[in-house]
Every structure is written in structure tokens, then in C-alpha cells.
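Chains as they are written, first to last, in this note's numbering: chain A, 1052 to 1550; chain B, 354 to 507. Notes to accompany the following structure.
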Amino acid sequence: MSRLAYDVVIIGSGAGGGTVAQELAPLVEQGKRVLVVEKGPRVDTHEMSGLELEMAGALYEDNGGFLTADGAMTLAFGRAYGGSTVVYTGTSLLAPSRVIEEWAVPGLDHGDLATRSERYAGENNVHLLEPPLVNDNNRLFVEGCEALGWDAEQFPINVKGCHGSSLCNLGCPNGAKMGTHQVQLPEAERRGVEVVTRAEAVRLDPDRRTVEVRVTGKRPGEKGRPGEWEPGDYTIEAGTVVAAGGSIGSSALLLRSGLGSALPRLGHGFTCHPAHILVAEHDRPITNDVGHPKSYYLDHWPQRYVLETCMYFPFITAKNLTGFGPAHSRLMRAFPRLQMILVLALDRAVPENRIEVDDQGGPVVHYTFTDPVIDALVAATRASARIFFAAGARRVHAPEAEPPLIEREDADRVDALITRDHFLPGRISISAAHLMGGCGMGRDATDSVTDARGRVHGLPWLRVADSSLFPDALEINPYLTIMGLADRVAEGIRDDMAA
Amino acid sequence: MSVLDPVRDRFRALSTTIVPQAAELDPAGWDRLESIVEDALADRPPAVRRQLVVFIRLLDALPVFRWGRRFRSLDQRRRIRFLGGVQNARLFLVRRGFWGLRTLVYMGYYGRPESHEDVGYDARLRGWLEHPDAPAAARAATLAATDGPAGGAP
């Protein structure tokens, strides 16, 4: 067991950890030692092959198929230098003021958060895609919405030099996505912050203020650079620890470190925007496997859902279509004519949905589909079916219909055919990638885990800087908000050290 | 150790019902499909692997009570009817088990790059610059936004 000492140890290198690393880089210039510990590998752009299983294995926890405790939903989250910012589509929205006001976290002001998030939007080249680069899959979504009188909005995205490979979720093969792996982490390293990859934070020792880290070696055939440290176990003494391993990672780390009894809200408040894919077949081929996949969205938050354009890869698409056999194969073989929409339910924190750890300290996520979530998914599916047909689709595949294929002739019966009676967990593929909560912000330990600057109640040396801070669902894509919150965390650490 | 070895013929009967074109795979194609499935199962706890084998055996045996034949011996129409019932079973555990099995089969079949031509999936690493369906305007806009065909990295 090697022993090392750092002034600040940041656990995780995604939107939260990467931001904190960059913002603490000035401390290194003042003689402090700052370390980022990342469980996943450092995968260079030239290794991004676009191959579905290969890249999922390299960049995602559990190959992107982490299952909830009852196996009814898969959760996708990144595990690489840059965390989930390596595998998101780069959609960059500011937190809605109504959501931050509803959170009612003492000391958290929407204006301050928005100002900070906007700074990172600028730093990451967030902008609207030029019209010639919008593909048919996205254009048809807009046309369908317009025909129905709905206002589809364009996603600002954080790309620079995008080739439109459509492979964002498998890691950009052109290095065009401005995640923390491209912007904040390289800048932090340039200024002296150390980053160690293939290094898992196993446990914190609150009494000794140490972090146990296990570094694993690169296996033959594995993607990514070898880890920066020799494989083995390390004990790291830390002046300040920042947990930024994501909703599940940070919650599980604090739980297996024995902090649950002092922090009764630890692991609670988990939300994730449960989602599923809808597919429609057009009469003619459309551009769908080329171009940025997620350029537009429709926010129907009063009805508790959001629709986003999307385009996935053959296995993920096959898995998300309900059914099997000849009908399923026919639809798969229509791939060049397929339009896709991702429907997301805006769930709310409820007591049943929480993160725990098992006997080995591994994360276990309990999630129950509440009635409002099921109603939102059904309403979102009906709306999507209307958009597809308004855009000219021949047939629509709706998981909450039986049989799931709805023909154009039945377009006016969408409400009757798509019902919650057919929402059968285990039959429908539900997945989520916006994982939030578990270390929520609030007033004190009775209602939360941290204060508004991510400082864990009762443990001033321990802070949290990721989406686990959200006390409830954000209702939009979360990464800019995570960066804004992480900026506040870094500021707090700098202030502490200056005091 | 192979998970599928003890149930390989049953697994293939289920696979060709879930993905009918899997019946056209040659031995190398089956090897590839099954090695993908084995790799995925290798990361799962032993209990999950055992449950899968038991579930596959059950799916093979249950049709005996209805049609007097094992799943392997049913015609395609009855196989589809039987699995349709499993997919919509009242018991969540049964639906979840089938969801897991079909996910593995889809992973094995569609996770092979060789299947891309079959479905018409044609994503290219250089996107608009390489894709045969790219409009000229998209190519031109991409070229303007990047350093050219090999460029793009910041």
C-alpha cells in the first residue's frame, strides 16, 4: 500500500470533476497539490472507432447497461477521462429558473448559477448548428412539430469542427465535442493538476481524512492509455476531497465510507428522466446515420415530458424496439428510412427511488415507475406519434401499443392505441442517462447531504460537485448546470484556502 | 468456461426466432454472435449466468405442456406465438427474463459490424465528408467548419 498526500483530491473527471480541476489549477501555481482520480481510461480521439460494442465497453460503466435493482431500466453513464462528457451529444441548456426556484435551496440563486453556466457555454463553444448541417431526421421532427402548431427548439451544442459522424454517444471520432476531456482537463493538466486514470476511489476514511484508491492495469486489447500510476492500492491523505463521480458514483462512495448514519438523506432523491426510443418508418430514405443526432427538442414540461431528436446504432435500436421476429427484423431492415425520437419523462424525487450499496459496496439503484411518470411517457409517445405522422411517416413503432406498429391509416386513433395498459416494465425497454440526486443540496442533514456550495453537512473537508447535488430532477440536459454548480464548489475551496 | 455450451441448441432455436435472419449465419457468424454473448455474460455475476441457463431450459420445455413438443421442435409460427406470450406474461420476472434474453441475442446479432449492411446502417467516422448520401451543402459547410477531410480536432 503506497501512501501519498495531496491538498485536494477530486474523484471523477466529468462535467463536475473536470470543472473543479480547472478552477483549482491556480492553487497549483501557489504550491498546492491537486489530484484528479478517474476510474475509467484515457481514450484518445484516434481510438474512437464508432463500433458500438467496442466503444460502449471502453467508455461506459457496465457497457452502458447498468441495471436498476429490479432490472426494469438500464442506466447509461460514462467511465473515462472526461466522464459522461465524452459520450453525451453536447446539448447545452441553462437550468430553467422555475426548477431552481422549486428546489428552494438556501443560498442557491438562479441568476448566479446561470451566469456561471453561461461562462462554460462560451468556453465550450456552445452554438446552434448551421442549417446545412441539420439532417433529415432532425428536419422532419421540426416539420412535424410545425404542422401540429408546436414550437420545436434547436439545441445549442458544444462542438468545434463537427463532421456529423452521428457517433456522439460512442465518443466523437473527430475530437469535435467540447467535453471536459477536450477543454477543462487538458487546461488543468497544463497548469499542473495531476490526473490518474484507471483509478477507482474505493473508500474515504473520514477520521484519517484519507482516500483509498485502487489502480488497475490495462488489460490486453483494451482501449485507452495505460494508467499513470503503477497498478496497486494507494492511501492518499487529502486536505480536501471533492466527490464528483456522478449521481451513482458519489452516492455509493459516501455510503460505503460509512457516512449514511450521519447523513440520513444520502442516496435519496434519485431522479433520471426515464426515457425510451420511438421509431417511425418513412417511404423514402432519409439522412439519419450522418449529421449531429440531437439538434432539436420539444419541451412540454407542464405535461411532464420532453421530446428530443435522436439516432442510435443497430444494437441499441434493436433492443429498444418492442418485440421480436419478422416484424422486428423488417423494421430494422428499414434503417435508412427510420426517423427517431427520444421521449423523456420529467420524474420527481420520491422516497422509493434511491441509491444504496450492496454487501460489496457496489451501487444498487432502486427505481419505481410512478403513475405520473407512466402517464408522461404515454402522453409523450402519443405526441411523438402525431409528429411522425405529421412529418409523413408510413408507420410508427410505439412501445405502449399492442401490436406496437401503428399504420398511417390509424393515425387518428393514436390516443386509443397508445395506452398505459400496454406499459409493461420488462416488455418495454426503458433507459436513462440523466442521473441526478443522492447527495442533494439543502439546509441541514435532516433534509439534505450538502449545503448550496456542495459542502457535506458536518464534514467541511468533503465536498460534492456533480449531478448528485440536484435535490430533484433538473428537467433538462444537465451538464451545464453541473459545471455551474462545480464552479461554486471550486470557489468555496479557494476561499477556504485563502482564509 | 462457456455459459452457452450446455444449452447451445436451445439458444440457437430461440435466437433464430428472435432474429429470423440469424438462421442464415454460417459457423463463423454463429461463433461471432455467441462470443459476443459470452463476453457480455462474463462480466455478470455467476448467479445471473445460472439463471439464464435455467430460463433457456424452461423456455425450451414449457411448450411441451401446450403442444406436446419442445420449443426446438416447434414450427416458426408456434415459436413466435409462444414467445409472444412470454413477452407479455403477467409475471414481471418472466417478462424481464425474456427481455434479458432478447437483449443478448440482439447484442450478438446486431453488435456485429457485419450486420450493418443487412440493415442499411452506414455511419462514417468522417460523417458528411464520407457519407454517400451527404448533400453538397452539408459537405461544403463541414469543410468550412473543419480543416478539411482529415481535420476537425481542435
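Glycine is no exception: its CB is placed at the ideal position from the N, C-alpha and C atoms.
Residues that DSSP places opposite residue i in a beta bridge
i	result
residue 1053 (chain A)	A:1285
residue 1482 (chain A)	A:1125, A:1326
residue 1348 (chain A)	A:1204, A:1359
residue 1111 (chain A)	A:1129
residue 1211 (chain A)	Beta-bridge pairing links residue 1211 (chain A) to no other residue.
residue 1060 (chain A)	A:1086, A:1292
residue 1392 (chain A)	A:1329, A:1360
residue 1492 (chain A)	A:1501
residue 1476 (chain A)	A:1479
residue 1417 (chain A)	A:1405
residue 1142 (chain A)	A:1208
residue 1447 (chain A)	A:1331, A:1457
CB contact flag (residue i, residue j, <7 Å)
i	j	result
residue 1400 (chain A)	residue 1501 (chain A)	no
residue 1298 (chain A)	residue 1318 (chain A)	no
residue 1332 (chain A)	residue 1276 (chain A)	no
residue 1244 (chain A)	residue 1175 (chain A)	no
residue 1064 (chain A)	residue 1087 (chain A)	yes
residue 1219 (chain A)	residue 1349 (chain A)	no
residue 1478 (chain A)	residue 448 (chain B)	yes
residue 1430 (chain A)	residue 1447 (chain A)	no
residue 1267 (chain A)	residue 1282 (chain A)	yes
residue 413 (chain B)	residue 1338 (chain A)	no
residue 1355 (chain A)	residue 1397 (chain A)	yes
residue 1499 (chain A)	residue 1491 (chain A)	yes
residue 1215 (chain A)	residue 464 (chain B)	no
CB contact below 7 Å: residue i versus chain A
i	result
residue 473 (chain B)	yes
residue 460 (chain B)	yes
residue 454 (chain B)	no
residue 356 (chain B)	no
residue 505 (chain B)	Residue confidence for residue 505 (chain B) is low, a pLDDT of 39 falling below 50, so the modelled location carries little weight and cannot support an answer.
residue 400 (chain B)	no
residue 369 (chain B)	no
residue 479 (chain B)	yes
residue 427 (chain B)	no
residue 487 (chain B)	yes
residue 433 (chain B)	yes
residue 445 (chain B)	yes
Residue-chain proximity (residue i, chain B), Cβ-Cβ < 7 Å
i	result
residue 1157 (chain A)	no
residue 1179 (chain A)	no
residue 1128 (chain A)	no
residue 1391 (chain A)	no
residue 1351 (chain A)	no
residue 1054 (chain A)	no
residue 1369 (chain A)	yes
residue 1383 (chain A)	yes
residue 1148 (chain A)	no
residue 1341 (chain A)	yes
Reduced DSSP secondary structure (H/G/I, E/B, other) of residue i
i	result
residue 1091 (chain A)	coil
residue 1117 (chain A)	strand
residue 1487 (chain A)	strand
residue 1514 (chain A)	strand
residue 1071 (chain A)	helix
residue 1274 (chain A)	coil
residue 1231 (chain A)	coil
residue 1263 (chain A)	strand
residue 1457 (chain A)	strand
residue 408 (chain B)	helix
residue 503 (chain B)	Caution is warranted here: a pLDDT of 42 is assigned to residue 503 (chain B), below 50, making its placement in the model unreliable, and the coordinate value is therefore given only provisionally. Reduced to three states, the DSSP call for residue 503 (chain B) is coil.
residue 1550 (chain A)	coil
residue 1279 (chain A)	coil
residue 390 (chain B)	helix
residue 1526 (chain A)	coil
Cβ distance (whole Å) where residue i is taken to contact residue j below 8 Å
i	j	result
residue 1428 (chain A)	residue 1452 (chain A)	Between residue 1452 (chain A) and residue 1428 (chain A) the Cβ distance is about 12 Å, and since that is not below 8 Å, they are no contact.
residue 1295 (chain A)	residue 1304 (chain A)	That belief does not hold up - the Cβ atoms of residue 1295 (chain A) and residue 1304 (chain A) are roughly 10 Å apart, past 8 Å.
residue 1508 (chain A)	residue 1395 (chain A)	In fact, because the Cβ distance is near 31 Å, the residues do not count as touching under 8 Å.
residue 431 (chain B)	residue 360 (chain B)	Rounded, the Cβ-Cβ distance is 20 Å, inconsistent with contact.
residue 1116 (chain A)	residue 1231 (chain A)	Not really, about 24 Å apart at Cβ, beyond 8 Å.
residue 374 (chain B)	residue 471 (chain B)	7 Å
residue 1309 (chain A)	residue 1522 (chain A)	Contact flag wrong, Cβ pair sits at about 23 Å.
residue 476 (chain B)	residue 1183 (chain A)	Rounded, the Cβ-Cβ distance is 19 Å, inconsistent with contact.
residue 1307 (chain A)	residue 1408 (chain A)	5 Å
residue 440 (chain B)	residue 370 (chain B)	Not a contact, Cβ separation roughly 11 Å.
Cβ-heavy atom distance, residue i to the ligand SAM, below 6 Å
i	result
residue 1341 (chain A)	The ligand SAM is absent from the structure shown, which contains no ligands of any kind.
Closer than 8 Å, Cβ to any Cβ of chain D: which residues of the segment 369-385 of chain B, in chain order? No chain D appears in the structure shown, which is made up of the protein chains A and B.
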